[in-house]
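Residue numbers (my numbering): 219 to 494. For every residue, glycine included, the Cβ atom is placed at its ideal position computed from N, Cα and C. One structure is given below, encoded as structure tokens.
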Ligand code: NAP
């Protein structure tokens with residue numbers, strides 16, 4: 219008899235994660251005998267957790283805040299993930315834990331669907347944390363012109379230095395000027411996330427009508443930034459749900475080699491967000 223396959227997410231905190239609902243909906247849709255669980259694991263326990271997961275025959279894991287960087291130490295990661303310096307996916311299929319970063323993959327899929335070709339686009343990313351890093355690196359690979367704007371400017375400068383052709387700025391006057399010169403604006407900070415739903419770093423009067431505005435925050439789905447973008451009448455508005463679904467779908471495919479049921483996964487996430 220085949221044993222049920224076990225997948226999961228390690229994080230701290232992790233109770234809020236939408237990944238269990240999203241992946242379990244996909245397993246159910248495909249009739250797979252598998253379950254996805256959330257495990258609260260501290261940084262200090264991460265190594266034991268990954269080794270233990272391998273010993274227990276767990277098939278695949280996601281890792282989230284605050285474990286994405288540290289997890290890299292305990293896996294054999296793909297080159298892109300090593301360059302980003304963080305992973306969000308571990309596959310145990312080959313025996314050795316293999317690390318991947320699907321945040322970047324998910325964000326590129328969303329942007330390509332929205333904008334098409336990214337080569338030569340002027341992209342302004344706000345943030346220099348884990349998500350910003352993954353997005354910036356993939357945009358660099360696509361040949362976009364990336365500017366990083368961060369509250370702590372030195373962090374943006376450090377990240378920009380790892381990507382040739384990227385600039386770093388703070389959130390002052392140069393930031394306002396750079397928005398006017400950008401084709402795409404991406405919020406990769408946690409500003410605007412529940413419970414601070416009225417917060418935004420960019421208002422309508424700072425935007426222009428040819429701008430694409432993408433907020434990777436997905437809780438709430440329509441953030442204050444996206445409300446401001448609507449008010450400014452920008453070219454396109456993209457919320458964070460698709461990226462969440464696409465990064466999850468990319469992990470699902472790495473683990474199961476099956477085509478992920480994207481629509482089912484997206485519905486599971488939007489239903490869960492609506493019932494919160
Ligand atoms: P992180 O590593 O902790 O980085 C947080 C970033 O936000 C830093 O750049 C930080 O600036 C900035 N920030 C925080 N509070 C700020 C404030 N009050 N004013 C200005 N900047 C502020 O977090 P992360 O992992 O990159 O995640 C960032 C957000 O993206 C979270 O809301 C997360 O839920 C979301 N996310 C979404 C997806 C998706 O699939 N849609 C995937 C990954 C993450 P400093 O450097 O100055 O502290």
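(message) Is residue 465 close to the ligand NAP? I mean its beta-carbon at under 7 Å from any heavy atom of the ligand.
(response) Within the chain shown, residue 465 is the residue found at index 247, counting from 1. Yes, since a heavy atom of the ligand NAP falls inside the 7 Å radius drawn around the Cβ of residue 465.
(message) Below 8 Å, how does it come out for the region 471-488 and the region 238-253: are there three or more Cβ pairs, yes or no?
(response) At 8 Å Cβ cutoff, the stretches touch.
(message) Taking its Cβ as the centre, do 16 or more other Cβ atoms sit within 10 Å of residue 326, making it buried, or is it exposed?
(response) Against the chain shown, residue 326 aligns to sequence position 108. Buried, by the Cβ-count rule.
(message) Could you tell me the alpha carbon to alpha carbon distance between residue 459 and residue 321, rounded to whole angstroms?
(response) Within the chain shown, numbered from 1, the residue matching residue 459 stands at position 241. Within the chain shown, numbered from 1, the residue matching residue 321 stands at position 103. Roughly 12 Å separates the two Cα atoms.
(message) The alpha helix (DSSP H) that contains residue 332, what's its start and end?
(response) Here residue 332 refers to the residue found at position 114 of the chain shown. Unbroken alpha helix (DSSP H) run through residue 332: 320-333.
(request) Assign residue 258 to one of three DSSP states: helix, strand, or coil. (result) What you label residue 258 is simply residue 40 of the chain shown in a count that begins at 1. In the three-state reduction of the DSSP assignment, residue 258 falls in the strand class.
(request) Give me the Cβ distance between residue 450 and residue 422, rounded to the nearest whole Å; I'm assuming they're in contact under 8 Å. (result) Start at 1 with the first residue of the chain shown, and residue 450 comes out as number 232. Start at 1 with the first residue of the chain shown, and residue 422 comes out as number 204. That pair is a contact at about 4 Å.
(request) Kindly indicate which three-state DSSP category residue 390 falls into: helix, strand or coil? (result) By 1-based counting over the chain shown, the position of residue 390 is 172. Correct three-state label for residue 390: coil.
(request) With hydrogens ignored, establish whether the beta-carbon of residue 472 is closer than 7 Å to any heavy atom of the ligand GTP. (result) By its list of ligands, the structure shown excludes the ligand GTP, since it contains just the ligand NAP.
(message) Here's a check: name, in chain order, each residue in its chain whose Cβ is nearer than 6 Å to the Cβ of residue 432, leaving out the five neighbours to either side.
(response) The residue labelled residue 432 in the question sits at position 214 within the chain shown. In its chain, beyond the 5 residues on either side, 404, 456 have a beta carbon closer than 6 Å to the beta carbon of residue 432.
(message) Distance check for residue 226 and residue 382, CA to CA, integer angstroms please.
(response) Locating residue 382 in the chain shown gives position 164, where the first residue counts as 1. Locating residue 226 in the chain shown gives position 8, where the first residue counts as 1. One C-alpha to the other measures close to 36 Å.
(message) Let me make sure I understand the geometry here. Which of 353, 366, 398, 361 has the alpha-carbon closest to that of residue 379?
(response) The residue given as residue 379 occupies position 161 in the chain shown. Distances from the alpha-carbon of residue 379 to those of 353, 366, 398, 361 put 366 closest.
(message) Quick check: the Cα distance between residue 333 and residue 444, rounded to an integer number of angstroms?
(response) The sequence position of residue 333 within the chain shown is 115, counting from 1. The sequence position of residue 444 within the chain shown is 226, counting from 1. Each residue's Cα considered, the two are about 17 Å apart.
(request) Report the option in 232, 221, 242 whose CA atom is closest to the CA atom of residue 486. (result) Your numbering for residue 486 matches position 268 in the chain shown. Of 232, 221, 242, the smallest CA-CA separation from residue 486 is found for 242.
(message) Using a 10 Å radius around the Cβ and a threshold of 16 neighbouring Cβ atoms, would you call residue 394 buried or exposed?
(response) Residue numbering aside, residue 394 sits at position 176 when the chain shown is read from its first letter. Residue 394 should be labelled exposed.
(message) For the ligand NAP, is there any heavy atom lying closer than 7 Å to the beta carbon of residue 408?
(response) Within the chain shown, numbered from 1, the residue matching residue 408 stands at position 190. It does: the Cβ of residue 408 is within 7 Å (strictly closer) of some heavy atom of the ligand NAP.
(message) Run through the DSSP bridge pairs and tell me what residue 432 is partnered with.
(response) Here residue 432 corresponds to residue number 214 of the chain shown, with the count starting at 1. Answer by DSSP bridge pairing, in chain order: 404, 456.
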